[in-house]
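What follows is a single structure, written as structure tokens, with notes after it.
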Amino acid sequence: MHGKIIGSMPDTSVLLRPACGRFTRRSVLTLLTGSTAALAFAGRSFAQETAPEGQTPAAADPVVTPPAAPVVEAAPEPLPFDFDWLSSQMQAKAGRAYVAPPKSADVIPDLDYDAYRLIQFNPEAARWRDEKALFQVHAFHPGWLYRETVNINEVVDGFQTPMTFSTDDFLYYNGLKDRVPEHTDLPGVAGFRLNTPLNRADMFDELVAFVGASYFRALGRGNSYGLSARGLAINTGLSGEEEFPRFSDFWLVRPAQGQTSVQIYAALDSPSCTGAFGFTITPGEETVIDVTSRLYFRRDVEQLGVAALTSMFLFDEKNRGDFDDYRPQVHDSSALMVQRSDGDVLWRPLNNPQRLGSSYLNEPNMKAFGLIQRDRDFADYQDAGAHYQDRPSVLIEPKGDWGTGAVRLVEIPSDLEGNDNIVSFWVPSNKPKAGEMRAYDYRLRWGALGTDRDGDRAWIVNTLAGQGGTSGVSDVDPKLRKFVIDFDGGLMAGLSSAAAEDLEPVVTLSGGKIQHIALSKVDGTTMWRLVIDVDGQNERLVELVAHVAGFGRKLTETWIYQWMRSS
Numbered sequence: 025m026h027g028k029i030i031g032s033m034p035d036t037s038v039l040l041r042p043a044c045g046r047f048t049r050r051s052v053l054t055l056l057t058g059s060t061a062a063l064a065f066a067g068r069s070f071a072q073e074t075a076p077e078g079q080t081p082a083a084a085d086p087v088v089t090p091p092a093a094p095v096v097e098a099a100p101e102p103l104p105f106d107f108d109w110l111s112s113q114m115q116a117k118a119g120r121a122y123v124a125p126p127k128s129a130d131v132i133p134d135l136d137y138d139a140y141r142l143i144q145f146n147p148e149a150a151r152w153r154d155e156k157a158l159f160q161v162h163a164f165h166p167g168w169l170y171r172e173t174v175n176i177n178e179v180v181d182g183f184q185t186p187m188t189f190s191t192d193d194f195l196y197y198n199g200l201k202d203r204v205p206e207h208t209d210l211p212g213v214a215g216f217r218l219n220t221p222l223n224r225a226d227m228f229d230e231l232v233a234f235v236g237a238s239y240f241r242a243l244g245r246g247n248s249y250g251l252s253a254r255g256l257a258i259n260t261g262l263s264g265e266e267e268f269p270r271f272s273d274f275w276l277v278r279p280a281q282g283q284t285s286v287q288i289y290a291a292l293d294s295p296s297c298t299g300a301f302g303f304t305i306t307p308g309e310e311t312v313i314d315v316t317s318r319l320y321f322r323r324d325v326e327q328l329g330v331a332a333l334t335s336m337f338l339f340d341e342k343n344r345g346d347f348d349d350y351r352p353q354v355h356d357s358s359a360l361m362v363q364r365s366d367g368d369v370l371w372r373p374l375n376n377p378q379r380l381g382s383s384y385l386n387e388p389n390m391k392a393f394g395l396i397q398r399d400r401d402f403a404d405y406q407d408a409g410a411h412y413q414d415r416p417s418v419l420i421e422p423k424g425d426w427g428t429g430a431v432r433l434v435e436i437p438s439d440l441e442g443n444d445n446i447v448s449f450w451v452p453s454n455k456p457k458a459g460e461m462r463a464y465d466y467r468l469r470w471g472a473l474g475t476d477r478d479g480d481r482a483w484i485v486n487t488l489a490g491q492g493g494t495s496g497v498s499d500v501d502p503k504l505r506k507f508v509i510d511f512d513g514g515l516m517a518g519l520s521s522a523a524a525e526d527l528e529p530v531v532t533l534s535g536g537k538i539q540h541i542a543l544s545k546v547d548g549t550t551m552w553r554l555v556i557d558v559d560g561q562n563e564r565l566v567e568l569v570a571h572v573a574g575f576g577r578k579l580t581e582t583w584i585y586q587w588m589r590s591s
């Protein structure tokens, strides 16, 4: 059968751009972190989740020091709190010069990575445990890389009081207790997490964690931690220095008994802006976080990144590169997905590029966007420790009118799965100016989502790539590349192979030349396979867009790919 071939990219709503320049490993890490606390978060050193492994019971048992008799002091009068109060505070702060957060004094001198792993929050000290709420608060200990502490406040009946922590709230293993001053109030904490009965009614599992800059991450039922969200990204992937706003203060609203959602508020601060954030978190099969944000700008911003996500993509079947690894895939997310309001889905598989990669998707009819982990079987990854099949997908659903803008995807070269090298965010067309206020509200959905198995359109199962031309011959043209896209589900799944004559693959590209297109049904399955051979000619980067149409309608998701050539 024959497809429609368009020799150059038309003026569509999909606009993709390459980024310039090369990044060293140091600059890549700088791009992702911006602060030491964020580095530890992005680098998977998410300590204090469990006790250290491989130790004898005698060595592992912590020493718990009974608290000293408290010193009775007059409690300060609680202050009223609501989101309007927080917004007014941050608006006023934006009118003052930025003051960098101080490094807190070391509670434990010379605390390093190995010692930091020996600290665990005592679950018996969890806040709200005695109130028998469905949520409990655990704090992360300050020190090591986490020296820019945050303040946590509790809100009850509309009034706020500080939520303080001391060394009595933590367990210190393997002799570390000898280095810890007893009954010492902490100057703040590195961050916190909320636990809830997410997977079992009789166990409080981790639900969401806030630690480092404006990073946070959450879990749906049956998930394990993977990608992270960020309150705000500023100048990410540009030639200059990236700015990392940080949440400096939090307000946790104590939930009533039986309440199934919890509210968190946060103050954001950076050299360029301040912000007031509200989070309503509802756990479940898909954990939902409704975000309200008000941003106040101290100075002009070159690029604002709203609803930013940070993830990891090392390799999959289409681009293993030089990775000599028994696992077929290693990634927290497999693709950037954009859902249009008309039901169309744009699917952009992720890459671990040879040089910094960047794509812009201008989509005026956007319903949602996010980073998706679509393969959900252990056999897809073969990693019995990391369990990449359980990593959550995240979809962002904008609320209200965000104005014009584009979803940007930044892909950073990486050789380690410990590096987060994928960033996505929404960029408004109008750059923020000093003195301006912006409001962005949206919903984050975390879980095993991203595939509409009941819809009319087939979804993309695989993207494969390799040497173009005829297989099994020695005389090959290095400028040729073969792309294989497998579709399954939807109305196409029930068609016989004879229906290929009634189907039309529609393929566009930004440069180079299409040599061959073929569409056929994969025998013994409900899948259809689209094969595209492309001659890259002299282009360093080629953008491809493809879908399958037939019987008067679009039958598949829209596949988008960026082929970054080395020669």
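Numbering (our numbering), first residue to last: 25 to 591. Every residue, glycine too, gets a C-beta built ideally from N, C-alpha and C. Every value quoted in this text rests on a predicted model; they were computed, and no experiment measured them.
- Item | For Ala-242, three-class secondary structure by DSSP | strand
- Contact belief for Ser-275 with Val-179 at Cβ below 8 Å, rounded distance in angstroms: It should be pointed out that residue 275 corresponds to Trp in this sequence rather than to Ser. Going by Cβ atoms, the distance from Trp-275 to Val-179 rounds to 5 Å, so yes, they are a contact pair.
- Could you give the DSSP three-state label for Glu-8: helix, strand or coil? As shown, the chain starts at 25 and ends at 591. That puts residue 8 outside it, with no answer to give.
- Message: Using the three-state DSSP reduction, which class does Arg-151 fall into: helix, strand or coil?
- Response: strand
- Whole-angstrom distance between Trp-483 and Leu-527, CA atom to CA atom: 16 Å
- Message: Can you confirm whether the segment 172-191 touches the segment 275-294 when touching is taken to mean that 3 or more C-beta pairs between the two stretches lie within less than 8 Å?
- Response: yes
- Task: Pull up the DSSP beta-bridge partners for Pro-529, would you.
- Result: Val-572
- Own chain, CB closer than 8 Å to Gly-427, minus 5 neighbours either side, in chain order: Pro-452, Ser-453 and Asn-454
- Message: How far does the beta strand (DSSP E) with Phe-183 in it extend, from its first residue to its last?
- Response: 183-186
- Task: Please state whether DSSP places Trp-109 in a helix, a strand or coil.
- Result: helix
- Item | Residue span of the beta strand (DSSP E) that contains Tyr-122, given as start and end | Segment: none, Tyr-122 is in no beta strand (DSSP E) and carries neither H nor E.
- What did DSSP end up calling Thr-191 once you bin it into helix, strand or coil? helix
- Message: What residue range does the beta strand (DSSP E) around Asp-138 cover?
- Response: Asp-138 -> not in any beta strand (DSSP E); alpha helix (DSSP H) instead, spanning 137-140.
- Specify, as a first and last residue, the run of the beta strand (DSSP E) that Thr-306 falls within. 297-306
- Message: Taking 8 Å as the limit between beta carbons, can you name the residues of its chain near Thr-298, skipping five residues before and five after?
- Response: Met-114, Gln-115, Lys-117, Ala-118, Ala-291, Leu-292, Leu-319, Tyr-320 and Arg-322
- State yes or no: is the beta carbon of Val-447 nearer than 9 Å to at least one beta carbon in chain D? No chain D is part of this structure, which consists of one protein chain only.
- Task: Kindly indicate which three-state DSSP category Gln-586 falls into: helix, strand or coil?
- Result: strand
- Item | Sequence-distant residues of the same chain with beta carbon closer than 6 Å to Thr-191, five excluded per side | Val-204 and Thr-208
- Neighbourhood of Thr-185 by C-beta distance below 7 Å, restricted to the same chain and skipping five residues each side: Pro-102, Asn-177 and Glu-178
- Query: Using 8 Å as the Cβ pair cut-off and three pairs as the minimum, do the segment 383-398 and the segment 414-427 touch?
  - Reply: yes
- Identify every residue that forms a DSSP beta bridge with Tyr-405. Answer is none; Tyr-405 lacks a bridge partner.
- Task: Determine the contact status of Val-174 and Asp-273, defining contact as a CB-CB distance below 9 Å.
- Result: yes
- Item | Spatially closest choice to Asp-547 from Glu-310, Ser-521, Pro-529 and Gly-215, by CA coordinates | Ser-521
- Query: My guess is that Leu-579 and Arg-481 are in contact by the Cβ rule of under 8 Å, so how many angstroms apart are they, rounded?
  - Reply: 6 Å
- Query: Are there 16 or more other CB atoms within 10 angstroms of the CB of Ser-294, so buried, or fewer, so exposed?
  - Reply: buried
- Item | Ala-129 to His-162 span [Cα, whole Å] | 21 Å
- Task: Specify whether the segment 133-143 and the segment 245-260 touch according to this definition: at least 3 beta carbon pairs, one from each stretch, less than 8 Å apart.
- Result: no
- Item | Selected residue, minimal CA-CA separation from Glu-206, among Asn-219, Phe-189 and Arg-217 | Phe-189
- Within the chosen definition, does the segment 495-509 reach the segment 343-359 through at least 3 CB pairs nearer than 8 Å? no
- Task: Would you please state the rounded distance, in angstroms, between the beta carbons of Glu-581 and Leu-533? I believe it to be under 8 Å.
- Result: Between Leu-533 and Glu-581 the Cβ distance is about 18 Å, and since that is not below 8 Å, they are no contact.
- Assuming Pro-352 contacts Tyr-405 under a Cβ cut-off of 8 Å, what Cβ separation, rounded to an integer in Å, is found between them? 7 Å
- Task: Kindly indicate which three-state DSSP category Tyr-320 falls into: helix, strand or coil?
- Result: strand
- Task: Answer with buried or exposed for Met-227, where buried requires no fewer than 16 other C-beta atoms within 10 angstroms of its C-beta.
- Result: exposed
- Message: Let me make sure I understand the geometry here. Which of Asn-198, Trp-450, Gly-246 and Val-235 has the alpha-carbon closest to that of Pro-221?
- Response: Gly-246
- Task: Answer with buried or exposed for Tyr-197, where buried requires no fewer than 16 other C-beta atoms within 10 angstroms of its C-beta.
- Result: buried
- Query: Which first and last residues belong to the beta strand (DSSP E) in which Tyr-466 is found?
  - Reply: 461-471
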